[in-house]
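Everything on this sheet refers to the single structure shown next.
Numbering (our numbering), first residue to last: 27 to 222.
So this is what it looks like as structure tokens:
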């Protein structure tokens with residue numbers, strides 16, 4: 027009986043994640059990247075093997091911007107604003123299928139170095155362990171490094187302790203190690219609650 031309920035819950039989560047990635051067609055919407063494609067557990071776990079290659083490509087010469095994620099209770103507001111022609115569409119953006127405030131924060135040079143060191147730590151991430159029953163991946167913030175024509179983007183979900191990393195057409199899913207999680211949690215607390 028419990029297996030039946032678990033199957034229903036997993037089905038609901040996958041349906042909610044699929045609809046969350048859809049945005050109404052509009053010339054006004056701000057969209058970066060693609061809608062993430064990895065869905066199968068084996069593909070998600072296999073993506074971890076590519077992590078070090080991408081993380082190693084990051085260096086202190088890259089410009090770091092941080093985008094604050096939209097809280098779950100404001101999701102419908104952002105969804106409607108991005109599909110409308112009103113001025114609200116400028117406040118939000120969709121980055122790789124997730125919603126963020128369009129105004130970014132640029133950390134000071136020393137803070138950016140600390141964040142980069144945290145991300146480049148070999149112990150910061152571990153292989154994806156499975157779907158969590160916390161309501162699905164919902165990023166609290168995105169770390170976006172850009173240097174020349176190359177952009178590396180990390181979406182951080184503090185609820186399920188997961189990261190989605192994007193570079194060009196590459197996507198990697200993994201979990202945040204327990205020690206690194208405390209650093210990511212502090213970074214999330216340090217961000218402004220809502221950009222002006």
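We put the CB at the ideal spot given by N, CA and C, even for glycine.
On a predicted model such as this, the values are computed, not experimentally measured, just so you know.
#1: Can you round the beta-carbon distance between residue 191 and residue 210 to whole angstroms, since I take them to be within the 8 Å contact cut?
#2: Here's the rule I'm using: 16 or more other beta-carbon atoms within 10 Å means buried, otherwise exposed. How should residue 12 be labelled?
#3: Mapping DSSP to helix, strand and coil, what is residue 197?
#4: Since I believe residue 158 is in contact with residue 88 (beta carbons under 8 Å), could you give me their beta-carbon distance rounded to a whole number of angstroms?
#5: For residue 202 and residue 103, what's the separation of their Cα atoms in angstroms?
#6: Could you pull out every residue in the same chain whose Cβ sits closer than 6 Å to the Cβ of residue 160, ignoring the five residues on either side in sequence?
#7: Quick check: residue 206 and residue 92, are their CB atoms within less than 8 Å of each other?
#8: May I have the straight-line CA-CA distance separating residue 60 from residue 108, to the nearest angstrom?
#9: Check for me: the beta strand (DSSP E) holding residue 173 runs from which residue to which?
#10: With H, G and I counted as helix, E and B as strand and the rest as coil, what does DSSP make of residue 184?
#11: What span of residues does the alpha helix (DSSP H) with residue 208 cover, start to end?
#12: Using a threshold of 8 Å, state whether the C-beta atoms of residue 145 and residue 180 are closer than that.
#13: For residue 126, which three-state DSSP category applies?
#14: From residue 163 to residue 188, what does the alpha carbon distance come to, in whole angstroms?
#15: Does the distance between the C-beta of residue 118 and the nearest non-hydrogen atom of the ligand ZN fall short of 7 Å?
#16: From the DSSP output, which residues share a beta bridge with residue 90?
Put simply:
#1: Counting from one through the chain shown, the residue named residue 191 turns up at place 165. Counting from one through the chain shown, the residue named residue 210 turns up at place 184. Rounded, the Cβ-Cβ distance is 13 Å, inconsistent with contact.
#2: The first residue shown for the chain is 27 and the last is 222, placing residue 12 beyond what the model contains.
#3: Looking up residue 197 in the chain shown gives position 171. Looking at residue 197 - three-state DSSP - the assignment turns out to be strand.
#4: Stepping through the chain shown from its first residue, residue 88 is reached at position 62. Stepping through the chain shown from its first residue, residue 158 is reached at position 132. In fact, because the Cβ distance is near 30 Å, the residues do not count as touching under 8 Å.
#5: Against the chain shown, residue 202 aligns to sequence position 176. Against the chain shown, residue 103 aligns to sequence position 77. Spanning the two alpha carbons is a distance of roughly 29 Å.
#6: Indexing the chain shown from 1 puts residue 160 at position 134. Within its own chain, the residues whose Cβ lies closer than 6 Å to the Cβ of residue 160, once the five positions on either side in sequence are excluded, are 185, 186, listed in chain order.
#7: As a first step, residue 206 is located in the chain shown; it is residue number 180 there, counting from the start. As a first step, residue 92 is located in the chain shown; it is residue number 66 there, counting from the start. Contact flag unset, no.
#8: Walking along the chain shown from the start, residue 60 turns up at place 34. Walking along the chain shown from the start, residue 108 turns up at place 82. A straight-line Cα-Cα distance of about 16 Å links residue 60 and residue 108.
#9: Reading the chain shown from its first residue, position 147 is the one you call residue 173. From DSSP, the beta strand (DSSP E) with residue 173 extends over 167 to 173.
#10: Looking up residue 184 in the chain shown gives position 158. DSSP places residue 184 in coil when its eight states are reduced to three.
#11: As a first step, residue 208 must be located in the chain shown, where it is residue number 182. Residue 208 -> alpha helix (DSSP H) spans 204 to 216.
#12: Within the chain shown, the letter at position 119 stands for residue 145. Within the chain shown, the letter at position 154 stands for residue 180. Result yes, Cβ atoms of residue 145 and residue 180 sit closer than 8 Å.
#13: In the chain shown, the residue the question calls residue 126 occupies position 100. Strand, per DSSP.
#14: Numbered from 1 along the chain shown, position 137 holds the residue referred to as residue 163. Numbered from 1 along the chain shown, position 162 holds the residue referred to as residue 188. The straight-line gap from Cα to Cα measures roughly 8 Å.
#15: Among the components modelled here there is no ligand, and therefore nothing to report on the ligand ZN.
#16: Position 64 of the chain shown holds residue 90. DSSP lists 171 as partners of residue 90.
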